[in-house]
Amino acid sequence: MTTKPMTLLRSSRLVKASVAAAAFALTVSVAGCGAAGQETSGETRQFKADNGTVEIPQNPQRVVATGYAVPTLIEADAPLVGISSWQRGEPMMSDEDMKTYQDLPRVAGETAAETNYEAIAEQNPDLIVIGVPKPIFQEIDTERLESIAPVVAIGPDVPSAWKEVSRKQADAAGALERFDEGKREYEQKAEELKGKYADALDGLKLAHIGGYGEVENGNFQREFDGSWGTNVANDIGAEYYGQVSEKGEGSRAVSEYPSLEQLPSALKDAEAITYTVNADGSLPEAVKYVLDSNLWKNLPAVKKDMTFPVKYTEAATYGQATTALEALDETFAPLLKK
Amino acid sequence: MSTAPTQAGSAPPTRNAPSRIGRSAVLAGGLVALLAAIVASIAVGAESVPLGQIWPALTDFDPLSGDHLVVRDIRVPRTLLGIAVGAALAVAGALIQTLSRNPLAEPGILGVTHGAGFALTLGAALGLAGTALGELGLGVAGAVLATVLVYAVGRHSTLRLLLAGVALSAVLQGVSLGVRLTSPDTLDKYRFWSVGSLAGREQTDLTIPLVAIALALVGALLVARSLNAVALGETVAHTLGANVARVRTVTLVLITVLAGAATAVAGPILFVGLIVPHLLRRLTVGSVPWLVTLSMIVGPILMLAADTISRVVLHTGEVPVAIVTAFLGGPMLIWVVRRYGAGSL
């Protein structure tokens, strides 16, 4: 009768000792992991992001980026250890950036729904930069991500916001130095072209046909100032007249989708029309639908041969935008002869 | 009330069937309504075209006039497409309901819709669906292959045929969904096709599917008399000397062509094939040829009315016509059931 309690007691002590040892081992292990991720990031700072004010490392060393943050942080030479897929930016990447993009581990697909939380955890990041617009951010399991590392959500609300957003992303990742170099390069080029085309673009009423029209619904995308297809051209003095008839959120604040029937009335006052083309110069299906119609051929600007293809309309970093500027210089060159 | 035919393929008028004069009046009324629907389809759209410009656009076309271009290049082709798709789906619905003697049967029950959807999903995943013509080809191929498979499994009885169609549709739908969920690009390409619409087709060469629909409609008129006998049941049909196997095969081919071509050019549009035969049931008692004829008129009326509504119902843009047909079709079906009782079903 007395042996049993003793056995139990011993057994209980043994279990406690084992649990304590295991807990210690786990603590050491976790601490070790934490140390690996934060060994050079002891100092922290408060950072204001779309998801609130977040305490992040002063000098992050292992950054995971998704969405729009991917091309920005690759260009800015941020210490990336994992990225989401970002196919739309691939045609605009330099060879060097493309190599970096291809070599980095994928931790998410093209959409927020394809976030692979385990893959992110495996990279042991000390900062996660989510570069998606606010409505999309809600699709992500933030709590799960925050259990891995500090999370900052920094995404554009409207297309032209990529400038501020990308700087903030680079700031969070501690990569402002290289970022600001790219920014200066872009601004310098934009200023140069602004002077070059000042006379040609002065007072010219422009309209833009975007690449996201819905052929299946018989409509086209018209983009106004500050949209994806226009914001870089805006920086060299191009002005896209008019505004959306009913403002929506995000890109719907600066672009709309009228029926193809409305093409003549929508663009009858346009003195020149730009339209989105793919990086290889081919027409996206939505743009081809417009350009193949007799309504297009009947527009005053088309009859005057005042139409201009625009490449790289999805530019969302200063590096990509500089490439877009060079393409714009090429496409607007005939304006100087008119 | 006698509904037994006096000879194979023809049924005598019943007490409830309209007289010859009554039928002529119904036909004339239907044609007037169809004309009104055509006029509305050509006159109404996102862009306001003055009514005075409609007739000149058709008879004295000015290629420099934006109004004339809207009418000739967009609305007329779209109206013709609406007529063809409406007639095809309605007649396909009348044929499948008569053949299967199942009032809830609709053209897609043989796997046509999901076959086309599966082919388009697969094509998008493999990068084969880049153009409108390519999508058309994929849709037709998927519809035909699905029907051939269903027919191979269930050709011995109508019930097996329907069950095979339902089963294959479920499988194809599931596989398609799986492909789309694992491939965002495919989902993106497919999402617009997944809701039927008549918009944006005016630049695609639709000669082949439209000719196929026209020929199949003629075929439906020709087979309708024989189908009268089959509609009474196989035993009775055999007794009356009808070649049931041949009639069934020809009818299935016609249903496949009609529904497959309509689905390929416009995407999946439900309810038209289901509701039109029900709307006409009381007017066409005991006469499949009459049912097929009126379906060719009322199907386009419903489709054009729905398409016209789809252009103006929202001030922010068009709604796919399949959504409007679903909104119209649901209440109409309920009305038919309440008006004529479950017997009509």
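Line order of the protein sequences matches chains A and B. Anchor point for the first sequence: position 296 equals 296 in the working numbering, and the numbering is continuous, going up by one each time. Anchor point for the second sequence: position 299 equals 637 in the working numbering, and the numbering is continuous, going up by one each time. Beta carbons are placed, not taken as given, at the ideal position from N, Cα and C, and that holds for glycine. All values derive from a computational prediction rather than experimental measurement.
The beta carbons of Thr-66 (chain A) and Gly-131 (chain A) sit closer together than 8 Å. The segment 603-620 of chain B and the segment 536-545 of chain B touch, with no fewer than 3 CB-CB distances between them shorter than 8 Å. With contact defined as three or more Cβ pairs closer than 8 Å, the segment 67-76 of chain A and the segment 314-321 of chain A are in contact. Within its own chain, no residue has a Cβ closer than 6 Å to the Cβ of Ser-94 (chain A) once the five positions on either side in sequence are excluded. Chain A has a Cβ within less than 8 Å of the Cβ of Ser-535 (chain B). Check the Cα spacing between Glu-326 (chain A) and each of A:Asp-235, A:Gln-243, A:Asp-269 and A:Asn-59: the tightest is with A:Asp-235. For Lys-337 (chain A), the closest alpha carbon among the candidates A:Pro-309, A:Thr-323 and A:Asp-305 is that of A:Asp-305.
Put simply, the CB of Val-450 (chain B) is far from chain A, with every gap to its CB atoms at 8 Å or more. Gly-218 (chain A) has a beta carbon lying within less than 8 Å of a beta carbon in chain B. Thr-276 (chain A) sits in a strand when the DSSP states are folded into three classes.
For Gly-571 (chain B), same chain residues with a beta-carbon under 8 Å away, outside a window of 5 residues either side, are Arg-439 in chain order.
The closest CA to that of Ala-233 (chain A), considering only A:Leu-201, A:Arg-45, A:Ile-136 and A:Arg-252, is found on A:Leu-201.
Residues are counted here when their Cβ sits less than 7 Å from a Cβ of chain B; for the segment 123-153 of chain A the count is zero. Per the Cβ contact rule, the segment 85-94 of chain A is not in contact with the segment 150-157 of chain A (fewer than 3 Cβ pairs under 8 Å). When secondary structure is reduced to three states using DSSP, Ser-85 (chain A) falls in the coil class, being assigned neither helix nor strand. If you ignore the 5 residues before and after Glu-223 (chain A), its C-beta comes within less than 6 Å of the C-beta of His-208, Gly-210, Gly-229, Thr-230 and Ser-255, all in its own chain and listed in chain order.
When DSSP states are grouped into helix, strand and coil, Ile-56 (chain A) belongs to the strand group.
The beta carbon of Phe-179 (chain A) sits closer than 6 Å to the beta carbons of Ala-76 and Ala-170 from its chain, once the five residues preceding and following it are set aside; these are given in chain order. For Leu-427 (chain B), the closest C-alpha among the options B:Leu-632, B:Val-414, B:Ala-381 and B:Asp-411 is that of B:Leu-632. Residue state for Pro-300 (chain A) is assigned as helix, using DSSP reduced to three classes. Under the 8 Å criterion on CB atoms, Val-215 (chain A) is classed as interfacial with respect to chain B. Between Gly-155 (chain A) and Lys-134 (chain A), the C-beta gap is smaller than 8 Å, which places the two residues in contact. According to the DSSP assignment, Lys-48 (chain A) belongs to the beta strand (DSSP E) that extends over 44-49. With respect to chain A, the C-beta atom of Pro-658 (chain B) has a partner C-beta closer than 8 Å. Membership of Arg-539 (chain B) in any alpha helix (DSSP H) is not indicated, and neither H nor E is assigned to it by DSSP.
Membership of Val-650 (chain B) in the alpha helix (DSSP H) is indicated by the continuous run 626-650. By the C-beta criterion, the segment 400-412 of chain B is judged to be in contact with the segment 380-387 of chain B, since at least 3 inter-stretch pairs fall below 8 Å.
Note on geometry: alpha-carbon atoms of Arg-45 (chain A) and Glu-146 (chain A) lie some 16 Å from one another. Residues of the segment 400-420 of chain B with a Cβ closer than 9 Å to any Cβ of chain A, in chain order: Pro-401, Leu-402, Ser-403, Gly-404, Asp-405, Leu-407, Val-408, Arg-410, Asp-411, Ile-412, Arg-413 and Arg-416. Scanning chain B for C-beta atoms nearer than 8 Å to the C-beta of Tyr-289 (chain A) yields Gly-538 and Gln-541, reported in chain order. Neighbours of Ala-384 (chain B) in chain A, taken as residues whose beta carbon is under 8 Å from its own, are Pro-258, Ser-259, Glu-261 and Gln-262 in chain order. Among the residues facing chain A, Thr-524 (chain B) is not included, as its CB has no counterpart in that chain under 8 Å away.
Under the Cβ criterion of 8 Å, Glu-177 (chain A) is not counted among the residues facing chain B. At a cut-off of 8 Å between beta-carbon atoms, Thr-654 (chain B) makes contact with chain A. Beta bridge pairing from DSSP links Phe-308 (chain A) with A:Thr-274. The C-alpha of Tyr-117 (chain A) is placed about 47 Å away from the C-alpha of Tyr-489 (chain B).
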